[in-house]
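Student: My questions will all concern the structure given below.
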Amino acid sequence: MHTHEAPERPPVDAQFVKELRRICGTEHVLSGHDETFAYDCDAFVIQKRSPDAVVLPANTDEVAEVVKLCAKAGVPFVGRGAGTGLSGGALALEGGVIIAMTRMKRILDVDLRNRRITAQAGAVNISLTRAVQAQGYQYAPDPSSQMACTIGGNVAETSGGPHTLKYGVTVNHVLGLTLVLPDGEVLRLGGKEEDRTGYDLVGIIVGHEGTFGIVTEVTARLVRLPQTVKTMLGVFETVEDATNTVSGIIAAGIVPAALEMMDALIIQAVEEAFHFGFPTDAGACLIIELDGLRAGLEEQAEQVQAICRTHRAREIRTAANNAERDQLWKARKRAFGAVGRLAPSNITQDGVIPRTKLPVVLKEMDAIVNKYGLRVANVFHAGDGNLHPLLLFDEKDPAQIRAVVSASEEILKLCVAHGGSITGEHGIGIEKSSFVTCQFTEKDLEAMAQVKSVFNPRDLCNPGKMFPSSKGCLETTMARRKSVAL
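Residues in the sequence shown are numbered consecutively from 69, following the working numbering.
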């Protein structure tokens with residue numbers, strides 16, 4: 069079994085920080101607990117560890133120089149985008165240096181004739197679409213955090229989003245990458261061309277969770293904006309009716325641009341936050357979006373509405389204009405933030421199951437959560453079978469933390485037992501590193517470790533992620549919190 073044992077790393081001393089400042093400029097280097105405190109976790113809040121230093125480089129050359137310095141000194145380093153990751157992927161587990169892409173946010177090239185766009189890794193996801201929207205194009209993958217998350221982070225996790233049911237996830241749209249290897253060498257892989265000969269190294273790197281090196285630039289595919297869009301809200305008395313509707317739509321041969329579900333708890337939180345007009349007494353709502361050519365779309369929408377009524381939808385609303393559509397998607401994509409009204413903390417899982425198993429898995433998941441005395445709110449990519457249960461708790465209570473970790477493990481094992489996966493788009497990171505053995509064999513993990521060692525032989529780049537560690541997430545967290553308290 070491949071496990072991660074944290075080796076002894078040299079300390080980051082004043083001379084090392086001085087060298088970082090020489091490379092990136094004094095104002096772009098943070099050191100000391102007070103300055104690096106904001107980088108002690110990403111959106112996976114259970115486990116925290118402040119880095120020894122944070123650098124904010126401006127370009128690939130500066131990233132390469134920082135990495136060379138770390139490699140020479142044997143100091144671990146971690147790439148970080150906006151910190152919106154949900155599996156602890158940007159956590160500086162062993163201290164060292166966080167290389168933050170905050171300043172690397174430029175759109176470098178737009179080639180509309182060939183439908184390509186190149187951006188620095190720190191460019192926010194939505195900025196790619198905004199750069200070409202007026203000309204009738206878009207960058208299709210749209211994570212719920214697209215107003216904040218970065219294209220480099222999307223590449224690391226091969227992020228999805230509501231509209232990837234039809235358009236595909238990040239790996240389906242990335243054509244080229246610039247990667248700084250853990251020794252500081254700069255690789256430029258792929259490019260604008262559609263089909264490449266030889267090994268698909270770009271495909272290997274997309275989804276690497278930051279363990280192969282630091283991605284600094286990305287070339288991606290653009291797609292045309294659809295001629296027309298029709299967005300509907302189906303209101304159901306029960307989760308079971310809503311999930312059966314999902315299977316019914318896909319079984320009819322219809323592939324919506326998006327097919328999202330929200331349960332009662334999420335509906336209440338979102339309505340309180342955004343006042344969209346969601347019925348707070350509903351058991352579940354489906355957001356169903358169709359897009360494409362004008363010809364035939366109205367007939368397809370009528371077919372979808374008929375399927376909803378077959379499964380006892382009590383109401384079906386259609387967005388009357390773009391403003392209503394935008395408001396509906398605003399409510400959906402900011403649902404995770406709205407959950408802050410329900411509890412001080414939450415953890416979002418992203419197990420995947422066959423969509424026909426949605427009714428039974430959601431029932432079994434409720435039983436797991438109830439067993440641990442927790443509450444769960446569900447908002448997820450129903451068309452993909454990509455669950456996003458938000459477990460509500462208070463991170464100041466150690467007993468609740470233990471309950472959340474145990475419930476999370478059981479939920480992920482439940483997904484695997486029903487023919488699914490432990491992650492769809494959030495990644496393994498540190499959160500699921502202790503759970504991977506429920507899906508992968510020892511030989512699977514050894515093969516993955518061998519691929520990683522080709523890129524990252526000294527494990528200086530984002531160490532401690534993806535593979536089982538000698539201590540699980542919970543034990544490591546509690547031990548560190550105890551040491552801080554002492």
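Just so you know, even glycine gets a beta-carbon here, dropped at the ideal spot from N, CA and C.
Here the structure is a predicted model, which is why all the values come from computation and not from measurement.
(1) When the distance is taken between beta carbons, is Ile-334 closer than 7 angstroms to Val-372?
(2) Along the chain, where does the alpha helix (DSSP H) containing Gly-163 start, and where does it finish?
(3) Could you give the DSSP three-state label for Asn-446: helix, strand or coil?
(4) On a Cα-Cα basis, can you pick out the residue from Asn-127, Gly-220, Val-122, Gly-252 that is closest to Thr-152?
(5) Grab me the residues of Thr-238's own chain with a C-beta within less than 7 angstroms of its C-beta, minus the 5 sequence neighbours each way, in chain order.
(6) Are three or more beta carbon pairs between the region 375 to 395 and the region 309 to 327 nearer than 8 angstroms?
(7) Below 6 angstroms CB to CB, which residues in the same chain sit around Leu-137 once its five sequence neighbours on both sides are set aside?
(8) Do you know offhand how far Ala-111's Cα is from Leu-458's?
(9) Looking only at its own chain, which residues have a Cβ that is under 6 angstroms from the Cβ of Gln-295, when we skip the five neighbours before and after it?
(10) From which residue to which residue does the beta strand (DSSP E) around Cys-353 run?
(11) By the DSSP assignment, the beta strand (DSSP E) with Asp-434 in it spans what residues?
(12) Have a look at Ile-272, Ser-118, Leu-243, Val-200 and flag the residue whose alpha-carbon is nearest the alpha-carbon of Met-516.
(13) With a threshold of 7 angstroms on Cβ separation, who are the neighbours of Val-254 within its own chain once the five nearest residues in sequence on each side are excluded?
(14) Are the beta-carbon atoms of Leu-365 and Lys-298 separated by less than 7 angstroms?
(15) In terms of alpha-carbon separation, which member of Ala-388, Val-122, Gly-156, Val-303 lies closest to Ser-502?
(16) Near Val-85, what residues of its chain come up, given a Cβ to Cβ distance below 6 angstroms and the 5 sequence neighbours on each side ignored?
(17) Are the Cβ atoms of Val-303 and Pro-347 separated by less than 7 angstroms?
(18) Looking at the structure shown, is Cys-506 part of a helix, part of a strand, or coil, going by DSSP?
(19) Quick one: using the 10 Å Cβ neighbour count with 16 as the cut-off for buried, is Leu-354 buried or exposed?
(20) Does the contact criterion of 3 or more C-beta pairs under 8 angstroms hold for the region 196 to 212 versus the region 462 to 480?
(21) Can you tell which of Lys-520, Ala-82, Met-215, Arg-423 has its C-alpha closest to the C-alpha of Phe-280?
(22) Of the choices Gln-206, Pro-536, Lys-234, Ile-194, whose alpha-carbon is the least far from that of Met-215?
(23) So, using beta-carbon positions, are Pro-230 and Pro-531 closer together than 7 angstroms?
(24) Going by Cα to Cα distance, which pick from Met-433, Phe-535, Met-534, Gly-492 is closest to Gly-451?
(25) Taking buried to mean at least 16 other C-beta atoms within 10 Å of its own C-beta, is Ala-202 buried or exposed?
(26) Taking three-plus beta-carbon pairs below 8 angstroms as touching, is the region 395 to 410 in contact with the region 328 to 343?
(27) Could you tell me which of Ala-199, Ala-160, Arg-181 sits nearest to Lys-173, measuring between CA atoms?
(28) What are the boundary residues of the alpha helix (DSSP H) that Leu-233 is part of?
(29) Just to confirm, are Leu-327 and Leu-455 a CB contact at a threshold of 7 angstroms?
(30) Could you compute how far the alpha carbon of Gln-507 sits from the alpha carbon of Val-123?
(31) Is it right to say Lys-116 is buried, meaning 16 or more other beta carbons lie within 10 angstroms of its own, or is it exposed?
(32) Helix or strand or just coil, what does DSSP make of Tyr-107?
(33) Can you list, in chain order, the residues of its chain with a C-beta nearer than 6 angstroms to that of Gly-453? Leave out the 5 residues immediately preceding and following it.
(34) Tell me, which residues are paired with Tyr-205 by DSSP?
(35) State the Cα-Cα distance for the pair Ile-345 and Ala-191, rounded to the nearest angstrom.
(36) On the premise that Met-300 lies in contact with Arg-385, defined as a C-beta separation below 8 angstroms, what is that separation, rounded to the nearest angstrom?
Tutor: To lay it out plainly:
(1) The answer is no: Cβ separation not under 7 angstroms.
(2) Bounds of any alpha helix (DSSP H) do not take in Gly-163, whose DSSP letter is neither H nor E.
(3) If DSSP states are grouped into helix, strand and coil, Asn-446 belongs with the strands.
(4) Residue Gly-220 is the option with its Cα nearest to Thr-152.
(5) If we look at Thr-238 and ignore the five residues flanking it on each side, its Cβ neighbours are Pro-209, Asn-222, Val-223, Thr-226, Ser-227, Val-274.
(6) The answer is yes - the region 309 to 327 touches the region 375 to 395, with three or more Cβ pairs under 8 angstroms.
(7) Excluding positions up to five away in sequence, the list reads Glu-87.
(8) When rounded, the distance between both Cα atoms is 12 angstroms.
(9) Leu-361, Arg-362, listed in sequence order.
(10) Cys-353 -> beta strand (DSSP E) spans 352 to 360.
(11) Here Asp-434 belongs to no beta strand (DSSP E); instead the alpha helix (DSSP H) covers 426 to 439.
(12) Comparing C-alpha distances from Met-516 to each of Ile-272, Ser-118, Leu-243, Val-200 shows the shortest one belongs to Ile-272.
(13) Cβ neighbours of Val-254 beyond the five flanking positions: Thr-128, Ala-132, Thr-246, Val-248.
(14) Their beta carbons are under 7 angstroms apart, which means Leu-365 touches Lys-298 by this criterion.
(15) When only C-alpha atoms are compared, the closest one is Gly-156.
(16) So the qualifying residues of the chain are Ser-99, Ala-121.
(17) Yes, they are a contact pair.
(18) DSSP places Cys-506 in helix when its eight states are reduced to three.
(19) Buried, since its Cβ has 16 or more Cβ neighbours within 10 Å.
(20) Contact between the region 196 to 212 and the region 462 to 480 is not established, with fewer than three Cβ pairs separated by less than 8 angstroms.
(21) Here the closest residue by C-alpha is Lys-520.
(22) Residue Ile-194 is the option with its Cα nearest to Met-215.
(23) No, Cβ-Cβ distance for Pro-230 and Pro-531 is not below 7 angstroms.
(24) Of Met-433, Phe-535, Met-534, Gly-492, the smallest CA-CA separation from Gly-451 is found for Gly-492.
(25) Answer is exposed; the Cβ neighbour count stays below 16.
(26) Contact between the region 395 to 410 and the region 328 to 343 is present, because at least three Cβ pairs lie under 8 angstroms.
(27) The residue from Ala-199, Ala-160, Arg-181 with its alpha-carbon nearest to that of Lys-173 is Ala-199.
(28) It spans 232 to 235 - the alpha helix (DSSP H) in which Leu-233 sits, taken as one unbroken run.
(29) No, these two residues do not count as a Cβ contact at 7 angstroms.
(30) Gln-507 and Val-123: Cα-Cα distance of roughly 36 angstroms.
(31) By the 10 Å Cβ count, Lys-116 comes out buried.
(32) Here Tyr-107 sits in helix by DSSP.
(33) Same-chain partners within the cutoff: Val-420, Ile-421, Pro-422, Arg-423.
(34) Answer by DSSP bridge pairing, in chain order: Arg-292.
(35) Going by the sequence as given, residue 345 is Gly instead of Ile. Roughly 33 angstroms between the two C-alpha positions.
(36) Taking 8 angstroms as the upper bound for CB-CB distance, Arg-385 and Met-300 are in contact here, some 7 angstroms apart.
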